[in-house]
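Asker: In our numbering, the protein residues as written are 2 to 285. Cβ atoms here follow ideal geometry from the backbone N, Cα and C, with glycine treated the same way. Please find one structure pasted underneath; my questions will follow.
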Amino acid sequence: MDKVTVPAGTYTRGSTTHELAWLRSRYRGMSADWFRHEVGAETVWVDAVDVCRVPVTNSQYRLFVSANGYGDERWWSPGGRRWLSTVRRRRPMFWEDPRWEEWARDEHPVVGVTWWEADAYARWAGMRLPTEVEWEKAARGTDERRFPWGEEFRQGLCNSADYWLGREITDLADWLESFNGARPWQSRCLTTPVGSFPEGASPYGILDMAGNIWEWCADDYRLYAGSPYARNGDGVPPGDKVCRGGSFGYFGFSLRAAERGHHPPWWCSLGIGIRCVRDKGGGH
């Protein structure tokens, strides 16, 4: 897999007060709760790491399946092994349904995988899932930019709801009516081949960090320590895992580098996949 080194150093994690004010003015219909998980901006150190330039593809994941990756306990965490014992499938969820066969094309990102499957694949491949801070720094660099390519959203630079509708969405009600509720695509495959938007690269040349698919991260979800919301808890069930990057089904607000999603580790959908990293100097 082609990898890019993100050098060691600091960056600003989360959204500053200035950034939160911009969000409220830019995107209509969003309550303060929409922003609470990114409140508490802080300068943090991140060690150097090699990040895969694109997400894991279906063809790459097929190698894991063919190598009996689901049957080899070496690659599975204790939680993953328990999950495997309760399910019958031994491949991504949507590979088994002919209605979704387009989503399983070789060059498209693998989707329909739980966090446990993502973690097992990464281990099998000699890598691991990125931490949140590794992922965010790889997406935005050190200049606090909002999107991998810069400060302003541009619909032609990533796979998003804006891309499919042919216009930028800045209103939650518009998104709910025009895309999420109307589902104008019907059964059409909405992932795009990895690396389809080279002009949307991050400062390090890493692709697809905004849109196409959310990407599982290693961390459990928690509010940032500096967040005033942390005093009252976040209301998220313990054990939820972080996902990052937004997907084809979301608009610009959710495609920002600071945006955080979360799901239980057993969750899988058409919009969540995998990107791997390796500790710097960890081999080929």
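Taking W84 as the reference, give the member of C269, R276 and R279 with the closest Cα.
Answerer: The shortest Cα separation from W84 among C269, R276 and R279 belongs to C269.
Asker: Is the separation between the beta-carbon of G225 and that of G70 shorter than 9 Å?
Answerer: Strictly speaking, residue 225 in this sequence is Tyr, with Gly absent from that position. The answer is no: Cβ separation not under 9 Å.
Asker: Roughly how far, in whole angstroms, is the beta-carbon of V45 from the beta-carbon of V134, given that I think they are within contact range, below 8 Å?
Answerer: Contact holds; Cβ gap of about 6 Å.
Asker: Do L271 and G201 have their C-beta atoms closer together than 9 Å?
Answerer: No, Cβ-Cβ distance for L271 and G201 is not below 9 Å.
Asker: Roughly how far, in whole angstroms, is the beta-carbon of C277 from the beta-carbon of M2, given that I think they are within contact range, below 8 Å?
Answerer: The pair is a contact, with the Cβ atoms about 7 Å apart (cut-off 8 Å).
Asker: Count the C-beta pairs between the segment 161 to 174 and the segment 118 to 133 that are closer than 8 Å, then say yes if the count reaches three, no if not.
Answerer: Judged by Cβ distances under 8 Å, the segment 161 to 174 makes no contact with the segment 118 to 133, as fewer than three pairs qualify.
Asker: What residue ranges within the segment 109 to 135 form continuous alpha helix (DSSP H) runs of no fewer than 4 residues, ordered along the chain?
Answerer: Counting only runs of 4 or more, we get 116 to 125.
Asker: Measure the C-alpha to C-alpha separation of A123 and W77 and round it to an integer number of angstroms.
Answerer: Answer to the nearest angstrom: the Cα atoms are 10 Å apart.
Asker: Distance, Cα to Cα, G240 vs R261?
Answerer: About 15 Å.
Asker: Excluding five sequence neighbours on each side, which residues of the same chain lie with their C-beta closer than 8 Å to the C-beta of D144?
Answerer: Closer than 8 Å at the Cβ level, and outside the excluded window around D144, lie P204.
Asker: Sorted by chain position, which residues of the same chain lie with C-beta nearer than 6 Å to R279's C-beta, five sequence neighbours on each side aside?
Answerer: Around R279: D51 and M128.
Asker: Tell me where the alpha helix (DSSP H) around A174 begins and ends.
Answerer: It spans L173 to W176 - the alpha helix (DSSP H) in which A174 sits, taken as one unbroken run.
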